[in-house]
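Q: Residue numbers (this note's numbering), protein chains in the order written: chain A, 1 to 113; chain B, 1001 to 1112.
Ideal placement from N, C-alpha and C gives every residue a C-beta, glycine not left out.
1) Tell me where the beta strand (DSSP E) around residue 48 of chain A begins and ends.
2) By alpha-carbon positions, which one of A:26, A:30, A:16 and A:42 ends up nearest to residue 89 of chain A?
3) Verify whether the separation of the beta carbon atoms of residue 103 of chain A and residue 93 of chain A is less than 7 Å.
4) Whole angstroms are fine: how far does the CA of residue 18 of chain A sit from the CA of residue 1005 of chain B?
5) I'd like to check one pair, residue 71 of chain A with residue 30 of chain A: are the Cβ atoms closer than 7 Å?
6) Taking the alpha carbon of residue 1090 of chain B as the point to measure from, which residue in B:1032, B:1055 and B:1076 has its own alpha carbon closest?
7) So the candidates are A:52, A:23, A:36 and A:53; which of them puts its Cα closest to the Cα of residue 87 of chain A?
8) Please list the partners that residue 48 of chain A has in chain B, where partner means a Cβ-to-Cβ separation under 8 Å.
9) If you count every other CB in all the chains shown that lies within 10 Å of the CB of residue 1029 of chain B, and 16 or more means buried, which is it?
10) Considering residue 1028 of chain B, what are the terminal residues of the beta strand (DSSP E) in which it resides?
11) Between the region 1066-1095 of chain B and chain A, which residues of the former have CB atoms less than 9 Å from a CB of the latter, in chain order?
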């Protein structure tokens, strides 16, 4: 039983295309996140949703649009892909208490040709 | 300003020995939480251990323990009895509101 699952695991596409990454959690958490890990392994928050509402948007280009149809799902749509978008994208979720860790999906490796 | 600093880009340790991975943080908030995650070469992020700023004792989870020195703003991860499977990237992170702010990570290699 995967707690946080994201699909696809690998995504190879060309510049200018539009693509989506899906994320689902079965932990009953209210808060979900998208993180980006660059080629130097640095991890940075992109977005956070709490119960379907956007609460964090970290100066991400508006080509990136998250959508949360319900609190168990948080999808990421990317328009007009650029070379610099190549990275690993992680979805995560957490409960409401401060000491609860964020549980991460296995990541989606996006490669732009 | 960098909030989480991991000064060791890479570390080696002999199998069965203990190793300490350094982490210092910067915050003016009296209430905060510190987390350590492990990222093996397969890429997933695995939660290891948590330390709250008001916790009186250092956190421990099996072979993992935190050397938490609040006055020095450090939260070093200690791995005892290293195993080959401990070879991975280790990230220190601080909870800031609803998000985690990560350090740059330390690559640990366990030698047999």
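A: Checking against the coordinates, here is how it stands:
1) Run containing residue 48 of chain A: 43-50, per the beta strand (DSSP E) assignment.
2) With distances taken between Cα atoms, residue 89 of chain A lies closest to A:42.
3) Yes.
4) Straight-line Cα distance between these residues: approximately 36 Å.
5) By the CB criterion at 7 Å, residue 30 of chain A and residue 71 of chain A fall inside the cutoff.
6) Answer by Cα proximity: B:1076.
7) Of A:52, A:23, A:36 and A:53, the residue nearest in Cα terms is A:36.
8) For residue 48 of chain A, the chain B residues whose C-beta falls within less than 8 Å of its own C-beta are 1098 and 1099, listed in chain order.
9) Per the 10 Å Cβ criterion, exposed.
10) Here residue 1028 of chain B belongs to no beta strand (DSSP E), and DSSP marks it neither H nor E.
11) Flagged, chain order: 1089, 1091, 1093 and 1095.
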